[in-house]
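I have placed the structure first, in the form of structure tokens, so that the comments after it can refer back to it.
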Amino acid sequence: MKSPFVFFSALLISVSLPNSIALPDNFLQCLTENSEPTNPISDAIHTPDNPSFTTVLQSYARNLRFLTLSTPKPLAIIAAKHESHVQATIICSKKLGLQIRIRSGGHDYDGLSYVSDVPFIILDMFNLRSINIDIEDESAWVQAGATLGEVYYRIAEKSNVHGFPAGVCPTLGVGGHFSGGGYGNMMRKYGLSVDNIVDAQIIDVRGRILDRKSMGEDLFWAIRGGGAASFGVILSWKIKLVPVPEIVTVFSVDRTLEEGVSDLAWKWQQIAADKLDNDLFIRLMLQPVNGTQEGKKTIQASFVAMFLGRAERLLSVMNESFPELGLHAEDCAEMRWIESVLSWVGMPNGTPIEVLLDRIPKGVSYLKRKSDYVKEPISKESLESIWKVMAEVGEVAMLWNPYGGKMSEISETETAFPHRAGNIFKIQYSVNWKQEGIDTTNHYVNLTRTLFEAMTPYVSKNPREAFLNYRDIDIGSIGSHGNGTFQEASVYGHKYFKDNFDRLVQIKTRVDPDNFFGYEQSIPTQSSSYSKIL
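Just so we're aligned: the sequence shown equals residues -22 to -1, 1 to 512 in mature numbering (1 follows the signal peptide of the UniProt record, and there is no 0).
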């Protein structure tokens, strides 16, 4: 089988530029004039006639759906190596009427950080990835292009008893991950990434570098969960480290329908959010697999957990709260917190933690993701109906992620991220495939939509809430130009942000009145917001 990167190269030999628009002649000159001479921008510029263009473009694109011959390509990629490069890109793109797409790790599920149907520039942040840990202050400054794996590794270099609550995928870029909320398997103990951010640096539409004090509390509120790409370009975050024990425990236990998945899923709903120790996070992964009868599917449930403590106490907690799972000591593995990061992505015990410094995943695929929130337990009868639909649909998995704990203690208006108390769990719908072709893509995307529609009776309503970091263009779009009305944007805006959407619009209108930072699902401006006082 050919390497995915060989496949990339074959796809990208022909570069398709949006509407055959050429890069304005004075753009490169403008970049040079607006960046610091001591940090020349020339080495950061990659245009289609540059041999490095294809490599840079594909290196941080995580969805093969958006690496095809017909996918619009940028007029240029600015892989910023200095903050002045970011400033120059904003100033010159605005001056010459070019859109920018901001990419830190490339994990935007629907490719909005590196694809547009209008003439655009990619502002790539991967070179800006310094991490400065201050153990005495229990904090760190992290640049937007750093990955979670790098952050976790640098923390572990300094301490075995500190960590940070963020995602389980090591190659996620912190720029976008944090600004959309940032959740992981310590959320029930410490909340989201945004709940542990104490400062930030952002470059606004005027090219100014602002910290928390100079940007003001409104903008600082907005970029924590509201998607910073609507407001400016994040340079760095200051995060508050959290304590972790020297030893944590993980387990993964699989059960099938024949082994009582319905009863276990019912019980999991009763206890996983607000009746379990906050040190324990149990994700329920559901997927159709081949059954014992040829040609028939069954449902496999995987209970995957991380516990901030030793196995002995974990077993006591499980025996009291979830004895039905039948967890045994041999199911549990004790390790350092940093080692649990590797365990959660399926790496075998003993894998060197240095692999967290690998920024590029070993393989990528075509994919589609969607999200939902569940506020009331799903009955056993309804669970049985869901299993039937999953078996009929095939291929599409669901990941049920428990809420509760710290998440129920934080007000939904504390940050722009609104999904707090009242949620039992969040759903991710997930399907990956390797075959190319538009018909194949439509097939798998439609399978995901079919399961999503079947779940309608069981999930949140008015609005049907969604998670920004599980980017889903299906729930609404104002087009690549990003110039939709408030009414058009509110279709997806209230799903992502609930009542916080209105405040986000007011802030957007003040800090980016001309809507330079617009895209398919950006926060819109609204002229009446000028007269409103928050």
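By construction, the Cβ of each residue, glycine as well, lies at the ideal position given by its N, Cα and C atoms.
May I ask you to report which of helix, strand or coil DSSP gives Thr418?
-> Note: Thr418 maps to helix in three-state DSSP.
Endpoints, the alpha helix (DSSP H) within which Ser240 is located = Unbroken alpha helix (DSSP H) run through Ser240: Val239 to Ile249.
Rounded to a whole number of angstroms, what is the C-alpha to C-alpha distance between Arg291 and Glu195?
-> Computed Cα separation, rounded: 41 Å.
Taking the alpha-carbon positions, what's the Val(-17) to Gln36 distance?
-> Confidence in Val(-17) is poor, its pLDDT being 35 and thus under 50, which makes the residue's placement unreliable; the coordinate value appears in the next sentence. Spanning the two alpha carbons is a distance of roughly 11 Å.
Inter-residue Cα distance where the pair is Val342 and Pro148 = Going by the C-alpha atoms only, they are around 14 Å apart.
Taking the continuous alpha helix (DSSP H) assigned at Thr32, which residues delimit it?
-> Where Thr32 is concerned, the enclosing alpha helix (DSSP H) stretches over Phe31 to Ser37.
Rounded C-alpha distance that separates Ile111 from Gln406 = Taking C-alpha positions only, Ile111 is separated from Gln406 by approximately 32 Å.
With 16 as the cutoff for other CB atoms within 10 Å, does Asp115 come out buried or exposed?
-> Of the residues assessed, Asp115 falls on the exposed side of the cut-off, its CB having fewer than 16 other CB atoms within 10 angstroms.
Look up Ile388 in the DSSP assignment and say whether it is helix, strand or coil.
-> Residue state, collapsed to three classes: coil.
So the alpha helix (DSSP H) Tyr470 belongs to, where does it begin and stop?
-> Following the DSSP letters along the chain, one finds Tyr470 inside the alpha helix (DSSP H) bounded by residues Phe464 to Phe475.
Name the one or two DSSP bridge partners that Cys70 has.
-> Paired residues: none, contrary to the question.
Cβ distance (whole Å) where residue 513 is taken to contact Thr418 below 8 Å = With the chain covering only -22 through 512, there is no way to say anything about residue 513.
Could you have a look at Cys147 and say whether DSSP puts it in helix, strand or coil?
-> Note: Cys147 maps to coil in three-state DSSP.
What is the residue span of the alpha helix (DSSP H) that Thr393 lies within?
-> Segment: none, Thr393 is in no alpha helix (DSSP H) and carries neither H nor E.
Could you pull the start and end residues of the beta strand (DSSP E) that Asn102 belongs to?
-> Residue identity differs from the one stated: residue 102 is Asp in this sequence, not Asn. From DSSP, the beta strand (DSSP E) with Asp102 extends over Phe98 to Asp102.
CA-to-CA distance, Glu14 to Pro502, given in whole angstroms = For the pair Pro502 and Glu14, the Cα-to-Cα distance works out to about 32 Å.
Verify whether the separation of the beta carbon atoms of Val120 and Val146 is less than 9 Å.
-> With respect to Val146, Val120 sits apart: the two C-beta atoms are not nearer than 9 Å.
Flag this pair as yes or no: are the beta carbons of Leu47 and Ala39 separated by less than 9 Å?
-> Against a cut-off of 9 Å, the Cβ pair of Ala39 and Leu47 comes out as no contact.
Pick helix, strand or coil for Thr227, following the three-state DSSP scheme.
-> In the structure shown, Thr227 sits in a strand (DSSP, three-state: E or B).
By DSSP, does Thr428 sit in helix, in strand, or in coil?
-> Helix.
Residue from Asp86, Trp199 and Tyr131 with nearest C-alpha to Thr393 | With distances taken between CA atoms, Thr393 lies nearest to Trp199 out of Asp86, Trp199 and Tyr131.
Among Ile316, Val96, Gly383 and Val220, which has the Cα closest to the Cα of Glu135?
-> Nearest option by C-alpha distance: Ile316.
Along the chain, where does the alpha helix (DSSP H) that runs through Asp450 open and close?
-> Unbroken run through Asp450: none, as it is neither H nor E.
Own chain partners of Thr434 with C-beta closer than 8 Å, once the 5 adjacent residues on each side are dropped | So the qualifying residues of the chain are Arg442.
Does DSSP put Ser214 in a helix, a strand or coil?
-> Ser214 falls in the strand class under three-state DSSP.
So, do the stretch 277 to 290 and the stretch 229 to 242 have three or more beta carbon pairs nearer to each other than 8 Å?
-> In short, these stretches touch, since the Cβ pair count reaches three.
Thr16 by DSSP, collapsed to three states: which one?
-> Of the three classes helix, strand and coil, the one that applies to Thr16 here is coil, per DSSP.
Arg449 versus Gly160, Ile(-2), His140 and Ile55, residue with shortest Cα-Cα distance = Nearest Cα to Arg449 within the set Gly160, Ile(-2), His140 and Ile55: Gly160.
Excluding the five sequence neighbours on either side, which residues of its own chain have a C-beta within less than 8 Å of the C-beta of Ile187, listed in chain order?
-> If we look at Ile187 and ignore the five residues flanking it on each side, its Cβ neighbours are Glu61, Gln65, Gln179, Ile180, Ile181 and Leu213.
Which first and last residues belong to the alpha helix (DSSP H) in which Ile364 is found?
-> Start and end: Lys358 to Val371.
In terms of alpha-carbon separation, which member of Gly154, Pro97 and Lys253 lies closest to Leu126?
-> Among Gly154, Pro97 and Lys253, the Cα nearest to that of Leu126 belongs to Gly154.
In angstroms with no decimal places, state the Cα-to-Cα distance between Asp492 and Val183.
-> For Asp492 and Val183, the distance between alpha carbons rounds to 9 Å.
What residues match up with Asp177 in a beta bridge as DSSP calls it?
-> DSSP lists Lys216 as partners of Asp177.
Thinking C-alpha only, which one of Arg398, Arg79, Arg481 and Phe209 is nearest Leu170?
-> Among Arg398, Arg79, Arg481 and Phe209, the Cα nearest to that of Leu170 belongs to Arg398.
Sequence-distant residues of its chain with Cβ nearer than 8 Å to Asn490 (five each side left out) | The displayed chain sequence assigns Asp, not Asn, to residue 490. The answer, listed in chain order, is Asp182, Val183, Ser208, Phe209, Gly210 and Thr503.
Val322 versus Glu272: straight-line alpha-carbon distance, rounded = Checking the sequence shown, residue 322 turns out to be Trp, not Val. Looking at the backbone, the Cα of Trp322 and that of Glu272 are separated by about 32 Å.
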